[in-house]
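Structure first, then comments.
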Amino acid sequence: MRYFIEFSYCGKNYFGYQIQPNQISVQQVLEHALTTILREKIKTTGAGRTDTGVHAKKIFAHFDTDKVLSVNLVYQLNSFLPPDIAVRNIFPVRDDLHARFSASFRTYEYLLNLQKDPFAQDSSWQIWKRDLDIKRMNEACAILFEYEDFTSFSKLHTDNKTNNCKIYNAFWEQNETELKFTISADRFLRNMVRAIVGTMVEIGNGKMEPEELRRIIEDKDRSSAGTSAPPQGLFLVDVGYEF
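Be aware that the sequence shown starts at 44, since it is given in the working numbering, and climbs by one per residue.
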């Protein structure tokens, strides 16, 4: 039987979701908890591999087992897991549903703080020394929908077969001193959202015109885009499936 597990985590103490050699990862901790409680070796497949320090408010993984799962498994896992990982739900799915490849969309949010806030230093990029023009940044967002090849925003030397992504939604909004960027697509390249945010900030502070985003994308060169935003402001907030 295949099961989906819905969970969330604060990425501050982890080198992303996917298991890394000699580094602590969310996958490693989650699999250890499942293996210990179910008393069999459990291997999970996640919806994606977040970068070091990136958070997930809503993410899924799947695993297979022949055991009948206890109705208390969510409670047992949350009692076993550290405070920065929380399981929300575990439910059976059809055998061909895949946490990564069956996802129809993913949505990320990135938080910027325009005011120095000691309580948000691990959950936002604090750029309180700068003024940002959100109108210019949203003008740039509209340009993203015109393209599918986002090589300029991809981490170099990855094993991607294609750098094409279909962006469904992208916009900035402001709530007092907090700016939030929301972006949804069928898939994302490694470091893509952080690279887009870093470039958008340069547009917002007047170092670059919104129209220059076209040249950056068409260059298909990572060096043409801005510096990547730091990881702590990035959250995976939703992954879509047809259950």
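Where a beta carbon is used, it is the ideal one built from N, C-alpha and C, also for glycine.
If you're wondering where the values come from, they're calculated on a predicted model, not measured in any experiment.
Write down the C-beta distance between residue i and residue j rounded to the nearest angstrom, noting that I regard them as a contact closer than 8 Å.
i           : j           : result
residue 193 : residue 208 : 5 Å
residue 15  : residue 279 : A query on residue 15 cannot be resolved here, the shown segment of the chain reaching from 44 to 286 and no further.
Output the distance between the C-alpha atoms of residue i and residue j, rounded to the nearest integer angstrom.
i           : j           : result
residue 263 : residue 125 : 41 Å
residue 64  : residue 212 : 35 Å
residue 238 : residue 159 : 23 Å
residue 134 : residue 231 : 26 Å
residue 191 : residue 173 : 31 Å
residue 285 : residue 137 : 11 Å
residue 275 : residue 258 : 28 Å
residue 163 : residue 273 : 13 Å
residue 60  : residue 206 : 21 Å
residue 224 : residue 44  : 38 Å
residue 114 : residue 71  : 23 Å
residue 169 : residue 161 : 10 Å
residue 82  : residue 210 : 42 Å
residue 233 : residue 165 : 21 Å
residue 150 : residue 109 : 32 Å
residue 171 : residue 127 : 27 Å
residue 229 : residue 90  : 12 Å
residue 69  : residue 261 : 36 Å
residue 249 : residue 203 : 33 Å
residue 78  : residue 220 : 44 Å
Just to confirm, is the Cβ distance from residue i to residue j under 8 Å?
i           : j           : result
residue 195 : residue 267 : yes
residue 123 : residue 185 : no
residue 277 : residue 118 : no
residue 227 : residue 148 : yes
residue 247 : residue 271 : no
residue 85  : residue 74  : yes
residue 222 : residue 116 : no
residue 129 : residue 282 : no
residue 269 : residue 236 : no
residue 106 : residue 62  : no
residue 57  : residue 112 : no
residue 155 : residue 167 : yes
residue 80  : residue 120 : yes
residue 131 : residue 199 : no
Consider the C-beta atom of residue i and the heavy atoms of the ligand GTP; say whether any pair is separated by less than 7 Å.
i           : result
residue 145 : Looking at this structure, you won't find the ligand GTP or any other ligand, since it has none at all.
Let me see if you follow: with CB-CB separation under 8 Å, is residue i close to chain C or not?
i           : result
residue 179 : Here chain C cannot be found, since the structure has a single protein chain.
Indicate whether the contact test is met: 3 or more Cβ pairs, each with one atom in the stretch 51-59 and one in the stretch 83-103, closer than 8 Å.
Yes, the stretch 51-59 touches the stretch 83-103.
Within 8 Å, do at least three Cβ pairs link the stretch 242-257 to the stretch 172-184?
The stretch 172-184, when compared against the stretch 242-257, does touch it at the 8 Å Cβ threshold.
Cβ contact (3+ pairs, closer than 8 Å) linking the stretch 137-145 and the stretch 209-228:
No: fewer than three Cβ pairs fall under 8 Å.
Minimum length 4: unbroken alpha helix (DSSP H) runs contained in the stretch 243-286
Counting only runs of 4 or more, we get 255-262.
As an exercise, report each continuous alpha helix (DSSP H) stretch of at least 4 residues that is fully enclosed by the stretch 115-179, in chain order.
116-123, all fully within the stretch 115-179.
Which runs of the beta strand (DSSP E), 3 residues or longer, sit entirely within the stretch 50-123?
As for any beta strand (DSSP E) of minimum length 3 sitting wholly inside the stretch 50-123, the runs are 98-107, ordered along the chain.
In chain order, each beta strand (DSSP E) run of at least 3 residues that lies wholly inside the stretch 177-238
Listed in chain order, they are 210-218, 221-228.
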